[in-house]
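Okay, here's the thing in structure tokens:
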């Protein structure tokens, strides 16, 4: 069997077991003999954004938008009255499930958001949904949302689909794909001549100018400058639109044309205004911590105020599990992606929300547990023979009970535990494989590359010398990503690959492969 396929099957089984355990807790069926339901390891949703507004009747609200894929009900948003400190979990209309994506507080006082590819309008005064735009055919997930001229709401989706909603006429319109080849439409901006500008990626970045009145589309980035990544477009404080491929390569965008400008001539962006998080009385919603169940409000003088809230969550998927060398069970959630730990001796189940350490793969080398984190390709190591300096939060909690402490920074230490070896994106962005070499010194991670790239590398770290070797796919199998590793009696590594690249790409090969890595050379 292909080792990459085997890894995927094992991961699928773990996720299925996680979902099953969560369903058992919600519906409390009879437990089979010999099995114990320990509850949800990471009982929280992932934060996807937060906003502030004053309602028509004068109430000051903070709105949090969560990603709770295992919610026992429809998707939801959290609305907190900052003066009464009461939080309401506002569920989406019947049948609207999935991840709450991007949102905007519009000039008409309404709140617009999307659950996957369902566009929703909320009246914040009554907390009722006043419009539902179901997905056009082929549209799966919105990646960005913005208010354009005339109060029009625009949303860009996976595979560069574009839609608009006119709050005055209530017309919901599908405008088609802006790029027939690329995967993500991630940024939107609007000029004064009726053009919409789309920042597109990820295999070959581009800016597409679209004229809704005529339906005309223009690609603005020269072919010679297109490479992996996503172009950014933004409205500037001077009223013009600007776009870039990199921080030193900018254009002014107007009338469907692109004119090069110096980077230091680009004004401050207004595409995401701080006003989306600022209240008329001068207070600012400065942080929203879904895992801790706290939000942070800065008063006009800068003093912080912490407001607790609560909500019902289906919890995170379990992405990976490992039996630690200290007798504990370690694992990582996915969306939200954080480390958790279970101690069979004490029955303590806890998670660590203060730092985003989220293993995509786990392995053991002596007393150390290690693995790679997505996104970013971070390699983290935890020494189980020493105290962990991350603060644990109990996974089991009574609904409505006060949350634990507000978020806090990890204490500074010359010898932290766990510690970060390094970050290896885009060479390795999704480190699906972790392996401990039998020499007792080396640890390895490998996997798929960053967004838009094809071919992932391998990271080899020596725990004794602290030296790290970074191999690219060109050093291994070009345009492949290593998904599984196993040592041969000689110490060489038998590795299995996938031709699948990073998100938003297409494979350049049609089959996986095995190869042997010579450990001595």
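Residue numbers (this note's numbering): -15 to 505. All C-beta atoms in this analysis are idealised placements derived from N, C-alpha and C, irrespective of residue type, glycine included. All values derive from a computational prediction rather than experimental measurement.
Checklist entry - Are there 16 or more other CB atoms within 10 angstroms of the CB of residue 383, so buried, or fewer, so exposed? => result In summary, residue 383 is exposed, with fewer than 16 beta-carbon neighbours lying within 10 Å of its beta-carbon over all protein chains present.
Item to check | For residue 2, the three-state DSSP class (helix, strand or coil) | outcome: Only weak support is given to the placement of residue 2: the predicted model assigns it a pLDDT of 44, under 50, and the value that follows is read from those uncertain coordinates. Three-state result, residue 2: helix.
Item to check | Simplified DSSP state of residue 152, which is helix, strand or coil | outcome: Note: residue 152 maps to coil in three-state DSSP.
Checklist entry - Roughly how many angstroms separate the alpha carbons of residue 335 and residue 246, rounded to a whole number? => result Whole-angstrom Cα-Cα distance: 47 Å.
Item to check | Those residues which DSSP pairs with residue 128 across a bridge | outcome: The partner list for residue 128 (beta bridge, DSSP) reads 140.
Checklist entry - Are the stretch 291 to 310 and the stretch 342 to 353 touching, with three or more C-beta to C-beta distances below 8 Å? => result Under the three-pair Cβ rule at 8 Å, the stretch 291 to 310 counts as touching the stretch 342 to 353.
Next on the checklist: Less than 8 Å between the beta carbons of residue 95 and residue 103, yes or no?
Outcome noted: No, Cβ-Cβ distance for residue 95 and residue 103 is not below 8 Å.
Next on the checklist: Give me, in chain order, the residues of the same chain whose beta-carbon lies closer than 8 Å to that of residue 493; leave out the 5 immediate sequence neighbours on both sides.
Outcome noted: The beta carbon of residue 493 lies closer than 8 Å to those of 463, 464, 483 in the same chain, with the five residues before and after it left out.
Checklist entry - Is DSSP giving residue 208 helix, strand or coil here? => result The answer is helix: DSSP assigns residue 208 an H, G or I state.
Next on the checklist: For residue 204 and residue 255, what's the separation of their Cα atoms in angstroms?
Outcome noted: Here the alpha carbon of residue 204 sits roughly 20 Å from the alpha carbon of residue 255.
Checklist entry - For the candidate residues 329, 343, 332, whose alpha-carbon lies nearest to that of residue 301? => result Residue 301 has its Cα closest to that of 343, out of 329, 343, 332.
Item to check | residue 288 - partner residues in DSSP beta bridges | outcome: 282.
Next on the checklist: Report the start-end ranges of each alpha helix (DSSP H) in the stretch 154 to 241 that is 4 residues or longer and not cut off at the edges.
Outcome noted: If only uninterrupted alpha helix (DSSP H) runs of at least 4 residues are considered, none is enclosed by the stretch 154 to 241.
Next on the checklist: Assuming the contact rule is C-beta atoms closer than 8 Å, residue 210 and residue 36 should be a hit. Round their C-beta distance to whole Å, please.
Outcome noted: Contact between residue 210 and residue 36 fails: their C-beta atoms lie close to 38 Å from each other, not under 8 Å.
Checklist entry - Does the pairing of the stretch 427 to 443 with the stretch 310 to 325 give three or more beta-carbon distances under 8 Å? => result No, the stretch 427 to 443 does not touch the stretch 310 to 325.
Item to check | Distance CB(residue 477)-CB(residue 447) smaller than 8 Å | outcome: No; because the gap between Cβ atoms is not below 8 Å, this pair is not in contact.
Next on the checklist: Would you call the stretch 181 to 192 in contact with the stretch 221 to 238, where contact means no fewer than 3 C-beta pairs closer than 8 Å?
Outcome noted: Counting Cβ pairs under 8 Å, three or more are found: they touch.
Checklist entry - residue 267 by DSSP, collapsed to three states: which one? => result Here residue 267 sits in coil by DSSP.
Item to check | Residue interval of the beta strand (DSSP E) (run including residue 352) | outcome: Taken as a continuous stretch (DSSP letters only), the beta strand (DSSP E) holding residue 352 covers 352 to 357.
Next on the checklist: Based on DSSP bridge pairs, tell me the residues matched to residue 244.
Outcome noted: Under DSSP, the beta-bridge partners assigned to residue 244 are 235.
Checklist entry - In or out: residue 498 buried (at least 16 other Cβ within 10 Å) or exposed? => result By the Cβ neighbour-count rule, residue 498 is exposed, with fewer than 16 other Cβ atoms within 10 Å of its own.
Item to check | Run of the beta strand (DSSP E) containing residue 310, from where it starts to where it stops | outcome: Boundaries cannot be given for residue 310, as no beta strand (DSSP E) includes it and DSSP labels it neither H nor E.
Item to check | Counterpart residues of residue 372 in DSSP-defined beta bridges | outcome: In the DSSP output, where bridge partners are listed per residue, residue 372 has none listed.
Item to check | DSSP state of residue 448 mapped onto helix, strand, coil | outcome: Correct three-state label for residue 448: coil.
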